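With my numbering, letter number 87 in the sequence shown gets 87, and the count goes up by one each step, no holes. Just so you know, even glycine gets a beta-carbon here, dropped at the ideal spot from N, CA and C. Please read these numbers as outputs of a predicted model, since none were measured by experiment.
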Amino acid sequence: MIDKTKKGNLITLLSFSIMSIAVILTNVLSGSVTIILQLILLSGGIGLSAACIMIIAPDAVVNKKLIGMSISIVNFVYYIGIFIGTPCVVKLVEMTNSWKMGINFMFLISIIGTFLVLLYYKTDTKKI
């Protein structure tokens, strides 16, 4: 999609937004239709976000010799989020005895990610 549309920045921002919407939709799951919609949005948002970041990371590097390093840093942050985020959410749910708190925490983190992407693109010389 990024290659076809040449709108990598916009697609990345949309994928992070879709991910955030999918996370907050977890609070209102009520039947099979909402569960399927949430799963499609969440898997699509997360998958597309990760792909977008990997595709756009080399463009963010001024020195092309550092492309491998930039992708390594993206992977490093991604895996830290997975390995640290899961126990943090579980502990929050355990402490508050509420899955809603865990969902809201994940929503907050996804919104922060969305704003960081937006901030990056606002400071980037390319336009969304």
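What is the DSSP secondary structure of K7, reduced to helix, strand or coil?
coil
Roughly how far, in whole angstroms, is the beta-carbon of S70 from the beta-carbon of A51, given that I think they are within contact range, below 8 Å?
Incorrect: roughly 15 Å between the Cβ atoms, too far for contact.
Close Cβ partners of I55 (< 6 Å) along its chain, the five nearest in sequence each way excluded
I2
Assuming the contact rule is C-beta atoms closer than 8 Å, M106 and V23 should be a hit. Round their C-beta distance to whole Å, please.
5 Å
Can you tell me whether G31 is helix, strand or coil according to DSSP?
coil
Put V74 into one of helix, strand or coil per three-state DSSP.
helix
Please state whether the Cβ-Cβ distance between G45 and I18 is less than 7 Å.
yes
Taking the straight line between their C-alpha atoms, what separation do you get for I128 and T5?
Unreliable placement is indicated for I128, whose pLDDT of 44 sits below 50; the coordinate value is still reported in the next sentence. Cα-Cα distance, rounded: 12 Å.
Would a C-beta distance cut-off of 7 Å place L108 and M101 closer than the cut-off?
no
Note the first and the last residue of the continuous alpha helix (DSSP H) segment covering L116.
W99 to T123
Rounded to a whole number of angstroms, what is the C-alpha to C-alpha distance between I21 and G85?
19 Å
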